[in-house]
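Enquirer: Here it is: the structure, laid out below.
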Amino acid sequence: MGLLSVVLLLLLISVQSCWAQDDPLLPFSEHLDPEQKVRLKWGFDEVQDTILFQLTVNTSGWVGLGFSPKGGMTGADIVIGGVGQNGSYFTDRHAVGNSMPVVDQRQDYKLLSLNESDGQTVMKFQRSIKSCDEYDLPITTDPIKLIYAYGQTDDIKYHGTRRGTKEVNLLRYMPKVTPTDSKYFDMIMVNFTVPANQTYYHCKIMRTPDFDQKHHIYRIEPLIQNMDLVHHLLLYRCPPGVTEIYESQCYTEMSNEKCMEVVAVWGIGGGAFELPEVAGLPIGGNDGDVLYRLEVHYNNPNKTAGRVDHSGLRFYYTSILRQHDAAALMTGLEVRSRYAIPPRAKTFLTYGLCDTAHFAQVLPETPQDLQVFSVMLHTHLAGRKVRVGHFRDGKQIDLLAVDEHYDFEYQEVVNLGKTKTVKLGDKLLVQCTYNTENRTKLTWGGLSTSNEMCLAFLYYYPAMNLSGCLSSPDSNALIAEMGATNNINWLNMMLSKTWNDTSIYEYQQTLKRINQTLIVSNSNQNESYNTGTIPDLILTHSAPCQNASSNMGTTPNLGVTHSAPGVNGCPNERLAWMSLLLCLAVQWISS
1154 MGLLSVVLLL LLISVQSCWA QDDPLLPFSE HLDPEQKVRL KWGFDEVQDT ILFQLTVNTS
1214 GWVGLGFSPK GGMTGADIVI GGVGQNGSYF TDRHAVGNSM PVVDQRQDYK LLSLNESDGQ
1274 TVMKFQRSIK SCDEYDLPIT TDPIKLIYAY GQTDDIKYHG TRRGTKEVNL LRYMPKVTPT
1334 DSKYFDMIMV NFTVPANQTY YHCKIMRTPD FDQKHHIYRI EPLIQNMDLV HHLLLYRCPP
1394 GVTEIYESQC YTEMSNEKCM EVVAVWGIGG GAFELPEVAG LPIGGNDGDV LYRLEVHYNN
1454 PNKTAGRVDH SGLRFYYTSI LRQHDAAALM TGLEVRSRYA IPPRAKTFLT YGLCDTAHFA
1514 QVLPETPQDL QVFSVMLHTH LAGRKVRVGH FRDGKQIDLL AVDEHYDFEY QEVVNLGKTK
1574 TVKLGDKLLV QCTYNTENRT KLTWGGLSTS NEMCLAFLYY YPAMNLSGCL SSPDSNALIA
1634 EMGATNNINW LNMMLSKTWN DTSIYEYQQT LKRINQTLIV SNSNQNESYN TGTIPDLILT
1694 HSAPCQNASS NMGTTPNLGV THSAPGVNGC PNERLAWMSL LLCLAVQWIS S
């Protein structure tokens, strides 16, 4: 009996743990009503053009959710569903006024599950982000007015006061979870006089406030005093060997940069960034006296002298720890002058490859899969597109992130819309597209705004002691492939070459074809070097909306009713095996 009690306890803990974890495909959540009887969870994939919803309402009757142009019924795109005596029902409708919504001729919403138990109805469904027909409202990056209604029975009729409206930005959602003990600290430049240089990187080694225990940073906010000068900010965590507090120009022999583990990143045009409820950036605790390096890139094209700056970052933190420690990983093309972008190029591609199979070479602990939830894509002025391809077992399985209309003036950390799993052994290819039609000279990779970069900063959990996973074309292979004898000879060839469509394409293909040097670095700047090749990246497109006219009206029974039986009367729902084991264990002990 004692053993059975232990088994039951372990099962109960497992079930509670499972229930407590949020679905990584539904990372966002809002109560739509003041009484918190109507809860909407959602996640999306802009690359695949899909958005997933789960509507939970405290009722045993019908439930409805709509997207409204003005917040009312007229013109609204609506779905209604529930579980009746004959099974589940679900329809895609539109409203022409304050009357019963009309069933769409095309049923463009896909029902995934519909459950009802203990006076609560849960409806999970998916649709295209873009409009599928004239009655489906497109979901954009602007806030959209959500309307909801529900009944006490499955007789779909006037809802009375059981209705409401709430405006939510579904695709650019910023979580609004403020811990009860929320505090903040700032890491900023103080009275720094910006040099009269076109490009200048300034670094400042500093301490955070003292923490007697581990805390989690849950929100990062930029504090930018001179928007016309500050191009980007980075905060790095320093390894234990760095103990001196100082500030100087970055990336010089004097500065001796050792702090390269990215903690926070901000780019021009970006705003505040808030982490999901399940993760926070760790600070304090075992870190002890760890120092941090704040890097500010000043872009001063007019070379104005005497400007004073106080820019930096504000970090909101809490002692109420979240489920996971989060971290940031820099991926893409190594920032150095081993490659150049030709002038007069309508489109020119560069590639940076991250092979997660090499993580174990620099980590003392066992590497884990990455759960990636946000990303910041970064190039400079010539950048036009950035794509992050995801490869497994030699095949492309996804585009982790993509920006087909990259704008140098608008860079921010964006939610991916759902948590994407990068398994150990997977490869990530960062591909950047540039346009240099208005340039007459080579554009080199480098730190200056007039140079170029191709990077993707990935926010993920659980945190590992990693700082970078990058690549660069193998120098010796490039020299040999182009028929040069040494670096000087290769450089002269590049400078004297006649660049036209043919030579530009040939050089681009050479950069892609030759072996790449793969570099993985940890928090202490220990690095591994390996060789790899660039895979072909395909811009995948989402499937077109399906004409589900055959599913109009009552949706076929999904096998879920008011009291859907399972085994020996135990529930047969989505948490099937855990619920079943728990239920059977209770019956076993009771008998």
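Going left to right, the sequence shown walks through residues 1154 to 1744 as this note's numbering numbers them.
C-beta: ideal position from N, C-alpha, C; glycine also.
These numbers come from a predicted model, not from an experiment.
Would you call the segment 1246-1264 and the segment 1323-1340 touching, i.e. three or more CB-CB distances under 8 Å?
Expert: With the cut-off at 8 Å, the segment 1246-1264 and the segment 1323-1340 do not touch.
Enquirer: For K1499, does the three-state DSSP call read helix, strand or coil?
Expert: Counting from 1 along the sequence shown, the entry for residue 1499 is found at position 346. Note: K1499 maps to coil in three-state DSSP.
Enquirer: List the DSSP bridge partners of P1435.
Expert: As a first step, residue 1435 must be located in the sequence shown, where it is residue number 282. H1369, per the DSSP bridge assignment.
Enquirer: If you follow the alpha helix (DSSP H) that M1483 is in, where does it begin and where does it stop?
Expert: Here residue 1483 refers to the residue found at position 330 of the sequence shown. Premise fails: M1483 lies in the beta strand (DSSP E), 1480-1486, not in any alpha helix (DSSP H).
Enquirer: Report the partner residues of E1680 according to the DSSP bridge assignment.
Expert: Taking the first residue of the sequence shown as 1, we reach residue 1680 at position 527. S1674.
Enquirer: First and last residue of the alpha helix (DSSP H) that includes D1308?
Expert: The residue given as residue 1308 occupies position 155 in the sequence shown. Element bounds for D1308: n/a, residue is neither H nor E.
Enquirer: Taking 7 Å as the threshold (C-beta atoms), are L1486 and C1356 in contact?
Expert: In the sequence shown, counting from the first residue as 1, residue 1356 sits at position 203. In the sequence shown, counting from the first residue as 1, residue 1486 sits at position 333. No, the Cβ-Cβ distance between C1356 and L1486 is not below 7 Å.
Enquirer: Run through the segment 1380-1456 for me and flag every whole beta strand (DSSP E) of 3 or more residues, listed as ranges in chain order.
Expert: Runs found: 1383-1390, 1400-1402, 1414-1420, 1432-1436, 1445-1452.
Enquirer: Closest to T1670 by C-alpha separation, out of I1687, K1194, S1252, would be which residue?
Expert: The count along the sequence shown starts at 1 and reaches residue 1670 at position 517. Checked all of I1687, K1194, S1252; the closest Cα to T1670 is I1687.
Enquirer: Do the segment 1511-1530 and the segment 1589-1598 meet, that is, are 3 or more Cβ pairs less than 8 Å apart?
Expert: These segments do not touch.
Enquirer: Expressed to the nearest angstrom, what Euclidean distance is found between the alpha-carbon atoms of L1218 and G1240?
Expert: For the purposes of this step, residue 1218 is taken as the residue at position 65 of the sequence shown. For the purposes of this step, residue 1240 is taken as the residue at position 87 of the sequence shown. Their Cα atoms are separated by approximately 20 Å.
Enquirer: State the start and end residues of the unbroken beta strand (DSSP E) segment that holds M1529.
Expert: Here residue 1529 refers to the residue found at position 376 of the sequence shown. From DSSP, the beta strand (DSSP E) with M1529 extends over 1523-1531.
Enquirer: Helix, strand or coil, according to DSSP, for H1747 in the structure here?
Expert: Lying outside 1154 to 1744, the shown extent of the chain, residue 1747 is not represented and no answer is given.
Enquirer: Is T1509 buried or exposed, if buried means 16 or more other CB atoms sit within 10 Å of its CB?
Expert: Reading the sequence shown from its first residue, position 356 is the one you call residue 1509. Flag for T1509 reads buried.
Enquirer: Can you tell me the Cα-Cα spacing of Y1404 and N1642, whole angstroms?
Expert: Against the sequence shown, residue 1404 aligns to sequence position 251. Against the sequence shown, residue 1642 aligns to sequence position 489. Whole-angstrom Cα-Cα distance: 27 Å.
Enquirer: Mind checking whether V1673 and V1515 have CB atoms under 7 Å apart?
Expert: As a first step, residue 1673 must be located in the sequence shown, where it is residue number 520. As a first step, residue 1515 must be located in the sequence shown, where it is residue number 362. Taking 7 Å as the Cβ cut-off, V1673 and V1515 qualify as a contacting pair.
Enquirer: Decide if G1706 is buried, meaning its Cβ has at least 16 other Cβ atoms within 10 Å, or exposed.
Expert: Locating residue 1706 in the sequence shown gives position 553, counting from the first residue. With a pLDDT of 38 at G1706, under the threshold of 50, the modelled position of that residue is not reliable, and the figure given next carries that caveat. Counting Cβ neighbours within 10 Å, G1706 comes out exposed, since fewer than 16 surround it.
Enquirer: Cα separation between L1164 and H1477?
Expert: In the sequence shown, counting from the first residue as 1, residue 1164 sits at position 11. In the sequence shown, counting from the first residue as 1, residue 1477 sits at position 324. Per-residue confidence for L1164 stands at a pLDDT of 43, beneath the threshold of 50, marking its modelled position as unreliable; the derived number appears in the next sentence. Going by the C-alpha atoms only, they are around 22 Å apart.
Enquirer: Smallest Cα separation from V1302: which of Y1504, T1274, A1630?
Expert: Reading the sequence shown from its first residue, position 149 is the one you call residue 1302. Note that residue 1302 corresponds to Ala in the displayed sequence, not to Val. That would be T1274, whose Cα lies nearest to the Cα of A1302.
Enquirer: Given a threshold of 16 other Cβ atoms within 10 Å of its Cβ, counted over all protein chains shown, does S1649 qualify as buried or as exposed?
Expert: Within the sequence shown, residue 1649 is the residue found at index 496, counting from 1. Exposed.
Enquirer: Between the alpha carbons of L1569 and L1611, how many angstroms are there, rounded?
Expert: The residue you call residue 1569 lines up with position 416 of the sequence shown. The residue you call residue 1611 lines up with position 458 of the sequence shown. Their Cα atoms are separated by approximately 10 Å.
Enquirer: Can you tell which of Q1279, K1411, A1480, C1507 has its C-alpha closest to the C-alpha of L1205?
Expert: Reading the sequence shown from its first residue, position 52 is the one you call residue 1205. Checked all of Q1279, K1411, A1480, C1507; the closest Cα to L1205 is Q1279.
Enquirer: Pull up the CB-CB distance for K1336 and Y1470, whole angstroms please, since I reckon it's below 8 Å.
Expert: By one-based count along the sequence shown, residue 1336 stands at place 183. By one-based count along the sequence shown, residue 1470 stands at place 317. The pair is a contact, with the Cβ atoms about 6 Å apart (cut-off 8 Å).
Enquirer: Let me know the secondary structure DSSP gives H1715 once reduced to three states.
Expert: If you number the sequence shown from 1, residue 1715 lands on position 562. Here the model assigns H1715 a pLDDT of 35, short of 50, so the residue's position is not dependable, and the following value carries that caveat. In the structure shown, H1715 sits in coil (DSSP, three-state: anything other than H, G, I, E or B).
Enquirer: How about V1539 and D1560: are their beta carbons less than 7 Å apart?
Expert: For this step, residue 1539 is matched to residue 386 along the sequence shown. For this step, residue 1560 is matched to residue 407 along the sequence shown. Contact flag unset, no.
Enquirer: Output the residue ranges of the alpha helix (DSSP H) runs that lie fully inside the segment 1600-1683 and measure 4 residues or longer, sorted by chain position.
Expert: Qualifying alpha helix (DSSP H) stretches, in chain order: 1628-1634, 1640-1649, 1654-1666.
Enquirer: Among E1199, I1632, H1184, which one has its Cα closest to the Cα of Y1492?
Expert: By 1-based counting over the sequence shown, the position of residue 1492 is 339. Among E1199, I1632, H1184, the Cα nearest to that of Y1492 belongs to I1632.
Enquirer: Distance check for A1535 and L1299, CA to CA, integer angstroms please.
Expert: The residue labelled residue 1299 in the question sits at position 146 within the sequence shown. The residue labelled residue 1535 in the question sits at position 382 within the sequence shown. Their Cα atoms are separated by approximately 39 Å.
Enquirer: Looking at the unbroken beta strand (DSSP E) that takes in K1580, where does it start and where does it end?
Expert: Walking along the sequence shown from the start, residue 1580 turns up at place 427. It spans 1580-1587 - the beta strand (DSSP E) in which K1580 sits, taken as one unbroken run.
Enquirer: Going by DSSP, which residues form a beta bridge with V1539?
Expert: Within the sequence shown, the letter at position 386 stands for residue 1539. Per DSSP, D1556, C1585.
Enquirer: Looking at C-alpha atoms only, which residue of N1344, N1453, T1663 is the closest neighbour of V1383?
Expert: For the purposes of this step, residue 1383 is taken as the residue at position 230 of the sequence shown. Closest option to V1383, Cα to Cα, is N1453.
Enquirer: Using the Cα positions of A1717 and N1268, report the straight-line distance between them to the nearest angstrom.
Expert: Sequence index remark: in the sequence shown, residue 1717 carries index 564 (1-based). Sequence index remark: in the sequence shown, residue 1268 carries index 115 (1-based). Reliability fails at A1717, whose pLDDT of 34 lies under 50, so the model's placement of it is uncertain and the value that follows must be treated cautiously. Taking the straight line from one Cα to the other gives about 9 Å.
Enquirer: By alpha-carbon positions, which one of V1567, F1512, G1636, N1588 ends up nearest to V1575?
Expert: Residue mapping note: residue 1575 aligns to position 422 of the sequence shown, counting from 1. Ranking the options by Cα distance to V1575, first place goes to F1512.
Enquirer: Which residue marks the beginning of the beta strand (DSSP E) containing W1195, and which one marks its end?
Expert: The residue you call residue 1195 lines up with position 42 of the sequence shown. Segment 1191-1198, the beta strand (DSSP E) holding W1195.
Enquirer: How would you write the range of the beta strand (DSSP E) that K1573 sits in, first residue to last?
Expert: As a working note, residue 1573 is residue 420 in the sequence shown. From DSSP, the beta strand (DSSP E) with K1573 extends over 1567-1575.
Enquirer: Please state if the CB of G1196 and the CB of K1571 are separated by a distance shorter than 7 Å.
Expert: Along the sequence shown, read from residue 1 onward, the residue named residue 1571 stands at position 418. Along the sequence shown, read from residue 1 onward, the residue named residue 1196 stands at position 43. Yes. Within cutoff.
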